[in-house]
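Numbering of the sequence shown is given in this note's numbering, commencing with residue 36 and proceeding in unit increments. Working notes for the structure below.
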Amino acid sequence: MNANDLNHSYTPAALREINESLSAQLEDPSASDVKRINALLKIRDEFIAGHLEVLDAEKKQAFANAELSVNNRLKEVAQTLLQSAKDDVSQFVRSRAAAKKYE
36 MNANDLNHSY
46 TPAALREINE
56 SLSAQLEDPS
66 ASDVKRINAL
76 LKIRDEFIAG
86 HLEVLDAEKK
96 QAFANAELSV
106 NNRLKEVAQT
116 LLQSAKDDVS
126 QFVRSRAAAK
136 KYE
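Structure representation (structure tokens):
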């Protein structure tokens, strides 16, 4: 996922910086730092909540609609990472069980 997937025409500069950091973490899932991703998502969420509070009703609606699309993409990425982690754990457990048979 690149930063362009996280930004839209209503994205403020500070949120673009957060999105850059987040996209860098999501670029290579095998090298991702899950704690860092979680921290960035929390920072992103707090920033968005604060930003929504200062917008007028029309801009708030436009920003929220644009962010909904971004959040759906982030949700898809998170589900993919979760499934990958589950697959890795399953493979590890099967491999360990196979190795114990030969001990």
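All residues carry an ideal CB built from backbone N, CA and C; glycine is no exception. These figures come from a predicted structure and were not determined experimentally.
Does the segment 109 to 123 come close enough to the segment 85 to 98 to have 3 or more Cβ pairs within less than 8 Å? With fewer than three CB-CB distances shorter than 8 Å, the segment 109 to 123 does not count as touching the segment 85 to 98.
Just verifying my parser: in three-state terms, what is the DSSP assignment at S67? Coil.
When you compare each of K135, G85, V105 and A120 to H43 by their alpha carbons, which one comes out closest? V105
What are the start and end residues of the alpha helix (DSSP H) that includes L90? Looking at the DSSP string, L90 is not in any alpha helix (DSSP H), and its letter there is neither H nor E.
With distances taken Cα to Cα, identify the nearest neighbour of A71 among N54, L41 and A133. Going by the sequence as given, residue 71 is Arg instead of Ala. Nearest C-alpha to R71: N54.
Between the Cα of A59 and the Cα atoms of Q118, P47 and L76, which residue gives the shortest distance? L76
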